[in-house]
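Here the structure is laid out as structure tokens; the discussion comes afterwards.
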Amino acid sequence: MENLFDTICAVATPLSAGSIGVIRISGEKSFEIISKIFDRPAKPGMINHGWILADETGEKLDEVIVLPFKNPKSFTGEDVVEIQTHGSPVIIREILNLVMKNGARLAHRGEFTKRAFLNHKIDLSQAEAVLDLINAKTSKSASLAANNLSGTLKKEIDNIRESIIEILAKITASLDFPEDVAEVEYAEILSVLEKAEVKIKKILENARCHNVLREGIQIAIAGKPNVGKSSLFNALLNINRAIVTDIAGTTRDTISETLDINGISATLIDTAGIREGKEVDTVERIGVENSKNTIDSSDIILCLYDGEKGLETEDMEVFQLACTAKNRLYVETKQDKTGKTLPSNVYNAGQNPENPIIISSTTLFGIENLKNAIFNAILGSNIEDSGFLTNQRHQEALQKALTHIENAKNASMAEELQDLISIDVKSALLSLGEISGEVVTDEVLNRIFDSFCIGK
1351 MENLFDTICA
1361 VATPLSAGSI
1371 GVIRISGEKS
1381 FEIISKIFDR
1391 PAKPGMINHG
1401 WILADETGEK
1411 LDEVIVLPFK
1421 NPKSFTGEDV
1431 VEIQTHGSPV
1441 IIREILNLVM
1451 KNGARLAHRG
1461 EFTKRAFLNH
1471 KIDLSQAEAV
1481 LDLINAKTSK
1491 SASLAANNLS
1501 GTLKKEIDNI
1511 RESIIEILAK
1521 ITASLDFPED
1531 VAEVEYAEIL
1541 SVLEKAEVKI
1551 KKILENARCH
1561 NVLREGIQIA
1571 IAGKPNVGKS
1581 SLFNALLNIN
1591 RAIVTDIAGT
1601 TRDTISETLD
1611 INGISATLID
1621 TAGIREGKEV
1631 DTVERIGVEN
1641 SKNTIDSSDI
1651 ILCLYDGEKG
1661 LETEDMEVFQ
1671 LACTAKNRLY
1681 VETKQDKTGK
1691 TLPSNVYNAG
1701 QNPENPIIIS
1711 STTLFGIENL
1721 KNAIFNAILG
1731 SNIEDSGFLT
1741 NQRHQEALQK
1751 ALTHIENAKN
1761 ASMAEELQDL
1771 ISIDVKSALL
1781 SLGEISGEVV
1791 TDEVLNRIFD
1801 SFCIGK
């Protein structure tokens, strides 16, 4: 039967041919195991060079580097050994099997990071930051995930909790020792709660920004055939990914690629030109249907029309396929042929068909303006850089804490009994504790760490 603190092992690098592979062991048997399979004593705190030996024959399996970490000075807080092998999948598997044969079991998903949390090396928000850092799609999201890992979000939450804990302690003392401790002034309680409320609201105001930076967005390029959709797709990516011709219906299916737009990971989708008529064959008709579905599911729609022909009724019919609630940016193409310069209102460009963003995919005129407009349409131009990311779990906990703080604040304004006020204050603290993991269920823990890869 498995034990929560069995000695565990896993491959911590991709199991494919490469320069090195890393096998990680964590638990009380780590040093015992390495002593059985390494050809010399492995000293903690030092880089140990030698050979891994097959235990039965003494055959040399691979020349390796062994890095032992004595608890608690390790990632998990336990005795940890990392074996750096040559990056042959065959060798990596053989050494991993040898480690398991000598007393370790294969780690579950995220079990190393889970042990770091359980051993108080990191809090739950930092554990989640490990996964965010691994999955980061842009340098901006990676930077913010690294801030979370370093404890930026933890410090922000701790600052909020500290003032609430202090006022709760005063209320509790006055309730428990009424003859010795005076009742806390309601004005003092209100002051603390209002400051906490402001801080939490500020974090929640940026929740949508945080979600976009973590998860990215989907952008669909829409328009009738030959308005320059594939050319814009290639220009934004700076590669010739989509085929460009003057033949209507060249793009017959949706093509997608990922790019970085001012720190946002964006999945850019080039849709098939939407048209009807007898000249549309079965294959193109399927592509048109896919385009309609893509437009409907995207976060923002780039509505393209040919600058040489101007905005036509057929263009508007295509644009109306997008749900009215969708963000849209109107884009006039082929500036290199029309010679137009800037839109009539550069600060509001793209918001309506009469004031489009003017671009040329050939000369790249207006492409940066388009990227900035996409960023502003998704996040707005006044988003504050909070220096950390929150996820949905954090946001739900913050919203619960905010509700309790508002209840306690209203009760304080009405000068209700302070033992009743303290109930909501305690509940607010418990909700904030969910973020760091001070208050957390096994179900939540399992859901978080099951999304990790094995070996992390």
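The working numbering puts the first residue of the sequence shown at 1351, with every later residue one more than the last.
By construction, the Cβ of each residue, glycine as well, lies at the ideal position given by its N, Cα and C atoms.
Following the continuous beta strand (DSSP E) through residue i, name the residue where it begins and the one where it ends.
i: proline 1418; result: 1410-1419
i: histidine 1754; result: From DSSP, histidine 1754 is part of no beta strand (DSSP E) but of the alpha helix (DSSP H) over 1742-1763.
i: isoleucine 1614; result: 1614-1620
i: asparagine 1497; result: Counting along the chain, asparagine 1497 falls outside any beta strand (DSSP E), though it belongs to the alpha helix (DSSP H) covering 1489-1499.
i: threonine 1608; result: 1605-1611
i: alanine 1817; result: With the chain covering 1351 to 1806 only, the question about residue 1817 has no answer from this structure.
i: cysteine 1803; result: It is not in any beta strand (DSSP E) - cysteine 1803 carries neither H nor E in the DSSP assignment.
i: aspartate 1356; result: Taken as a continuous stretch (DSSP letters only), aspartate 1356 belongs to no beta strand (DSSP E), as it is neither H nor E.
i: alanine 1570; result: 1567-1572
i: aspartate 1649; result: Run containing aspartate 1649: none; DSSP gives neither H nor E here.
Would you mind giving the Cβ-Cβ distance between residue i and residue j, rounded to the nearest angstrom? I have them listed as a contact below 8 Å.
i: glutamate 1547; j: leucine 1752; result: 7 Å
i: asparagine 1741; j: arginine 1564; result: 6 Å
i: alanine 1570; j: isoleucine 1521; result: At roughly 54 Å, the Cβ-Cβ gap does not stay under 8 Å, so alanine 1570 and isoleucine 1521 are not in contact.
i: threonine 1426; j: lysine 1471; result: 7 Å
i: valine 1414; j: isoleucine 1375; result: Going by Cβ atoms, the distance from valine 1414 to isoleucine 1375 rounds to 13 Å, so no, they are not a contact pair.
i: alanine 1454; j: glycine 1377; result: 7 Å
i: threonine 1683; j: aspartate 1665; result: Contact doesn't hold; Cβ gap of about 11 Å is too wide.
i: histidine 1754; j: aspartate 1774; result: 4 Å
i: cysteine 1359; j: leucine 1456; result: 7 Å
i: leucine 1499; j: valine 1577; result: The pair is not a contact, with the Cβ atoms about 45 Å apart (cut-off 8 Å).
i: phenylalanine 1802; j: threonine 1357; result: Actually they are not in contact, since the Cβ atoms of phenylalanine 1802 and threonine 1357 sit about 19 Å apart, beyond 8 Å.
i: proline 1418; j: serine 1366; result: In fact, because the Cβ distance is near 26 Å, the residues do not count as touching under 8 Å.
Counting along the chain, where does the alpha helix (DSSP H) carrying residue i start and finish?
i: valine 1668; result: 1663-1669
i: alanine 1519; result: 1502-1526
i: aspartate 1769; result: 1768-1786
i: leucine 1795; result: 1792-1799
i: serine 1541; result: 1536-1555
i: alanine 1479; result: 1474-1485
i: valine 1449; result: 1439-1451
i: glutamate 1382; result: 1380-1387
i: arginine 1374; result: Counting along the chain, arginine 1374 falls outside any alpha helix (DSSP H), though it belongs to the beta strand (DSSP E) covering 1368-1376.
i: alanine 1466; result: 1461-1468
Cutting at 7 Å between CB atoms, please list the residues of its own chain near residue i, excluding the five before and the five after it.
i: glutamine 1749; result: Leu1554
i: valine 1789; result: Leu1780 and Gly1783
i: lysine 1776; result: Leu1518
i: alanine 1532; result: Ser1524
i: alanine 1723; result: Leu1679, Ala1699, Gly1700 and Ile1707
i: glutamate 1765; result: Tyr1536
i: alanine 1496; result: Leu1483
i: asparagine 1421; result: Gly1427, Glu1428 and Asp1429
Whose C-beta lies closer than 6 Å to the C-beta of residue i among residues of the same chain, with five residues either side of it excluded?
i: aspartate 1800; result: Arg1459
i: isoleucine 1597; result: Residue confidence for isoleucine 1597 is low, a pLDDT of 40 falling below 50, so the modelled location carries little weight; the figure read from the coordinates is stated next. Correct list: empty, nothing qualifies.
i: proline 1703; result: Leu1661 and Tyr1680
i: threonine 1363; result: Gly1371 and Val1372
i: isoleucine 1687; result: For clarity, residue 1687 is lysine in the given sequence; the question names isoleucine instead. Cβ within range, chain order: Glu1658.
i: arginine 1465; result: Thr1426
i: asparagine 1732; result: Its pLDDT being 49, under 50, asparagine 1732 is placed unreliably by the model, and the measurement read from it follows with that caveat. The answer is none, since no qualifying residue turns up.
i: valine 1542; result: Ser1513 and Ile1517
i: aspartate 1473; result: Lys1504, Ser1786 and Gly1787
i: asparagine 1452; result: Ile1383 and Lys1386
So, for residue i: in the same chain, excluding its five sequence neighbours on each side, which residues have a beta-carbon less than 8 Å away from its beta-carbon?
i: isoleucine 1441; result: Gly1371, Leu1411, Asp1412 and Thr1435
i: isoleucine 1728; result: Val1562, Ile1567, Ile1614, Asp1649, Ile1650 and Asn1677
i: phenylalanine 1715; result: Gln1685, Asp1686, Ile1708 and Ile1709
i: leucine 1403; result: Ile1387, Phe1388, Asp1389, Glu1409, Lys1410 and Leu1411
i: arginine 1558; result: Leu1729
Sort out for me which residues DSSP pairs residue i with in a bridge.
i: leucine 1587; result: In the DSSP output, where bridge partners are listed per residue, leucine 1587 has none listed.
i: glycine 1400; result: Val1414
i: threonine 1435; result: Gly1371
i: valine 1577; result: Per DSSP, none; premise fails for valine 1577.
i: valine 1430; result: Ser1376 and Phe1419
i: valine 1361; result: Ile1373
i: aspartate 1656; result: Thr1683
Taking only runs that begin and end inside the region 1671-1725, name each unbroken beta strand (DSSP E) of 3 or more residues, in chain order. 1677-1683
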